[in-house]
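In the numbering used here, the protein residues as written are 732 to 897.
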């Protein structure tokens with residue numbers, strides 16, 4: 732999905748803060764007000780763009796909170812998993828496009844003075860998930876990363892649901 736024409740670009744000499752947070756739901760029906768609390772924290776730490784997982788939002792599109800617009804590829808009906816991306820006003824101006832790959836992978840592309848910055852947000856299946864589901868997830872993720880131009884800056888952030896130890 733293409734965003735509107737961007738009106739700015741990120742200078743490679745400036746700091747651009749990318750964050751990630753497993754929010755464990757920002758669904759307004761079950762957790763009213765939680766989304767605004769998350770956005771206040773992102774603003775407090777001056778995060779430009781943040782990947783949020785386990786959002787449990789349904790539907791598709793953009794959601795405007797008090798401070799940060801949200802890009803989300805939500806699920807049709809089930810309220811589980813889901814990744815979204817929150818954007819500061821500066822990041823929103825530099826957003827070239829964004830694409831929800833599926834409910835677990837979202838890619839956004841930002842204009843910089845040198846190349847495009849691709850931020851990929853992921854929420855991997857847990858180790859308890861069927862092997863085929865995990866294989867499919869990593870195959871799709873590998874394809875998304877491989878589609879980046881060789882001069883693009885690729886940043887991968889998310890929850891890979893890996894467990895250390897036995």
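We put the beta carbon where it would ideally sit given N, CA and C, even for glycine.
Contact annotation: residue 783 and residue 839 have beta-carbon atoms that are not nearer than 9 Å.
Rounded to the nearest angstrom, the gap between the Cα atoms of residue 743 and residue 844 is 6 Å.
Assigned with DSSP and collapsed to three states, residue 825 falls in helix. By the C-beta density criterion, residue 786 is buried, having at least 16 other C-beta atoms within 10 angstroms.
In this structure, DSSP gives residue 850 an extended state, which the three-state scheme calls strand. In its chain, beyond the 5 residues on either side, 824 and 825 have a beta carbon closer than 6 Å to the beta carbon of residue 739. The Cβ neighbour count for residue 875, taken over all protein chains shown within 10 Å, is at least 16; the residue is labelled buried.
In the structure shown, the three-state DSSP call for residue 772 is helix. It is roughly 8 Å from the alpha-carbon of residue 858 to the alpha-carbon of residue 894. Between residue 880 and residue 830, the gap from beta carbon to beta carbon reaches 9 Å or more. Shown here, residue 799 sits in coil according to DSSP, grouped into three states, outside any helix or strand. Beta-carbon to beta-carbon, residue 890 and residue 753 are separated by about 5 Å, close enough to satisfy the 8 Å threshold. Going by beta carbons, residue 780 and residue 817 fall inside the 9 Å limit. Annotated three-state conformation of residue 841 is strand, per DSSP. In the DSSP assignment, residue 890 falls within the unbroken beta strand (DSSP E) covering 884-890.
A Cβ-Cβ distance of about 7 Å is found for the pair residue 836 and residue 814, placing them in contact under the 8 Å criterion.
DSSP places residue 872 inside the alpha helix (DSSP H), whose first and last residues are 862-877.
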